[in-house]
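Since the structure comes first, as structure tokens, the remarks are kept for the end.
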Amino acid sequence: MASTVTVTHTADSAIPNAETVREDFQRDGFAVVQDLAGQSELEELRGAYEDALAGRVDYGEHDRQLGGITRQLMLPHMHDPRFANSEAVRRGAELAAPILGTDSPQFLFSMLIYKPPMHPHETPWHQDMAYAGRPCTEPGVILPNNAVVQYWLALDDVDEETGCMTFVPGMQGKPMPEHRVASGAPEDESRLLEMVDAERDLDLSTARPCALRAGSATMHGYAAPHYTGPNRTRDRHRRAFIFSFANPQAMAAMMSDRGDWDSMVDEG
Ligand SMILES: O=C(O)CCC(=O)C(=O)O
0 MASTVTVTHT ADSAIPNAET VREDFQRDGF AVVQDLAGQS ELEELRGAYE
50 DALAGRVDYG EHDRQLGGIT RQLMLPHMHD PRFANSEAVR RGAELAAPIL
100 GTDSPQFLFS MLIYKPPMHP HETPWHQDMA YAGRPCTEPG VILPNNAVVQ
150 YWLALDDVDE ETGCMTFVPG MQGKPMPEHR VASGAPEDES RLLEMVDAER
200 DLDLSTARPC ALRAGSATMH GYAAPHYTGP NRTRDRHRRA FIFSFANPQA
250 MAAMMSDRGD WDSMVDEG
């Protein structure tokens, strides 16, 4: 069974501008959350991240290459309590709960995606809903943008030079454009997907790169198209801790339609 996070409202957990963040999410399909993690927590998460990258904590087959090209460590919350017990995760659940329409958001999954200095590979334009089918969800489906909220928490200052998240706003409620496998074995969970023709299907002139200071995050729904570039710098790391929450009822409905989502759900 997947775990749920029951939201508790405490004064110290308040997110500044939470209402604005939620409005941004509803309007654009994504939002920026400033300072989701505080400084001491950031240090703790960085320690956990370095232990994962160096193999001091064994991730086994969850330590893999996304599409054969970019280091991806799956389900860090199951390997290291510093991720599972993170205050940022708890605050993220609290912020996401009204969007998801539940007081008990279901923790869906987590991952680390690491782009070291001079990492040459982009993560191409895609919508996360494309991963609901294998190898890809068929084009034309419309999945709700508010059934899943995914956080991309920056553990380093990040900008276009290091490969920050870039979104095209306002695609929620529209049919999903065609995706295909960009690299990796098509039936493998670690395959990398891309939109077949992002220039045709998205208005890239509206694309918004989200530079963040370390500790801040983006949040997006499964209909929000996004992209990250290579890390072109010689000395700056790009460490992202990614985690998501779902509305349990909406997930159950989607999973009965699309059994493949089973494999993405936290079993802890
Ligand atoms: O970090 C990346 O390069 C991509 C992340 C992503 O696609 C996601 O969080 O949905």
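Going by numbering that gives the first Met the number 0, the residue at position 63 of the sequence shown is 62; the numbering climbs one at a time, nothing skipped. We put the CB at the ideal spot given by N, CA and C, even for glycine.
CB contact below 8 Å: residue i versus chain B
| i | result |
| --- | --- |
| Asp62 | The structure shown contains no chain B; it holds only a single protein chain. |
Nearest-angstrom Cα separation, counted from residue j out to residue i
| i | j | result |
| --- | --- | --- |
| Thr205 | Asn16 | 24 Å |
| Ala100 | Leu201 | Rather than Ala, the amino acid found at residue 100 in this sequence is Gly. Cα to Cα, Gly100 sits roughly 28 Å from Leu201. |
| Met175 | Val167 | 13 Å |
| His76 | Ser189 | 18 Å |
| Asn230 | His178 | 24 Å |
| Ala268 | Ala251 | As displayed, the chain neither begins before 0 nor continues past 267, which places residue 268 out of reach and without an answer. |
| Gly66 | Leu44 | 25 Å |
| Glu186 | Val31 | 33 Å |
| Met110 | Gln38 | 21 Å |
| Glu18 | Cys209 | 19 Å |
| Ile14 | Arg55 | 33 Å |
| Thr136 | Met128 | 7 Å |
| Pro123 | Asp196 | 11 Å |
| Arg70 | Tyr226 | 16 Å |
| Tyr113 | Met194 | 22 Å |
| Glu159 | Pro224 | 16 Å |
Given residue i as reference, the closest of the options once Cα atoms are compared
| i | options | result |
| --- | --- | --- |
| Glu42 | Glu22, Glu86, Gly66 | Glu86 |
| Leu192 | Ile68, Ala30, Ala153 | Ile68 |
| Ala249 | Ser103, Asp34, Cys209 | Ser103 |
| Arg89 | Gln105, Leu74, Gln38 | Gln105 |
| Gly172 | Ala131, Leu35, Tyr150, Asn145 | Asn145 |
| Met253 | His61, Leu107, Arg55 | Leu107 |
| Ala181 | Pro134, Leu152, Glu198, Pro224 | Pro134 |
| Ala216 | Asp23, Ala36, Gly28 | Ala36 |
| Asp78 | Ala47, Gly183, Gly91 | Looking at the sequence itself, residue 78 is His, so the reference to Asp does not match. Of the candidates Ala47, Gly183, Gly91, the one whose C-alpha sits nearest the C-alpha of His78 is Ala47. |
| Glu152 | Asp23, Gln25, Ile141, Leu211 | Correcting the residue type first, residue 152 is Leu in the shown sequence and not Glu. It is Leu211. |
| Ala222 | Val20, Phe29, Glu22, Asp23 | Phe29 |
| Gly228 | Gly183, His125, Gly139 | His125 |
Beta-carbon contacts of residue i that lie in its chain and below 7 Å, excluding the five residues immediately before and after
| i | result |
| --- | --- |
| Val148 | Ala95, Ile98, Leu99, Met218, Gly220, Ser243, Phe244 |
| Arg233 | Pro116, Met117 |
| Arg207 | Thr165, Phe166, Pro168 |
| Tyr130 | Leu192 |
| Leu72 | Ala51, Tyr58, His61, Asp62, Met110, Leu111 |
| Asp34 | Gly214, Ser215 |
Residue range of the beta strand (DSSP E) that includes residue i
| i | result |
| --- | --- |
| Gln64 | 62-65 |
| Arg179 | 178-182 |
| Pro123 | 122-125 |
| Glu137 | Neither: Glu137 is in no beta strand (DSSP E) and is coded neither H nor E. |
Residue span of the alpha helix (DSSP H) that contains residue i, given as start and end
| i | result |
| --- | --- |
| Val20 | 17-27 |
| His236 | Run containing His236: none; DSSP gives neither H nor E here. |
| Leu41 | 38-52 |
| Pro75 | 75-78 |
| Ala153 | Taken as a continuous stretch (DSSP letters only), Ala153 belongs to no alpha helix (DSSP H), being part of the beta strand (DSSP E) at 147-153. |
| Ala348 | The structure shown does not extend to residue 348, since the chain spans only 0 to 267, so no value can be given for it. |
| Ile112 | It is not in any alpha helix (DSSP H) - Ile112 instead sits in the beta strand (DSSP E) that spans 105-114. |
| Leu94 | 86-99 |
| Glu288 | Residue 288 is absent from the model: the chain starts at 0 and stops at 267. |
| Lys212 | At residue 212 the sequence reads Arg, which differs from the Lys that was named. Counting along the chain, Arg212 falls outside any alpha helix (DSSP H), and DSSP gives it neither H nor E. |
| Ala197 | 197-200 |
Close-in-space but distant-in-sequence residues of the same chain around residue i (CB under 8 Å, 5 per side omitted)
| i | result |
| --- | --- |
| Asp155 | Thr161, Ala213, Arg235, His236, Arg237, Arg238 |
Cutoff 6 Å; reference residue i; Cβ partners in own chain excluding five residues on either side
| i | result |
| --- | --- |
| Asn84 | none |
| Pro247 | Gln105 |
| Ile141 | Pro174 |
| Arg199 | none |
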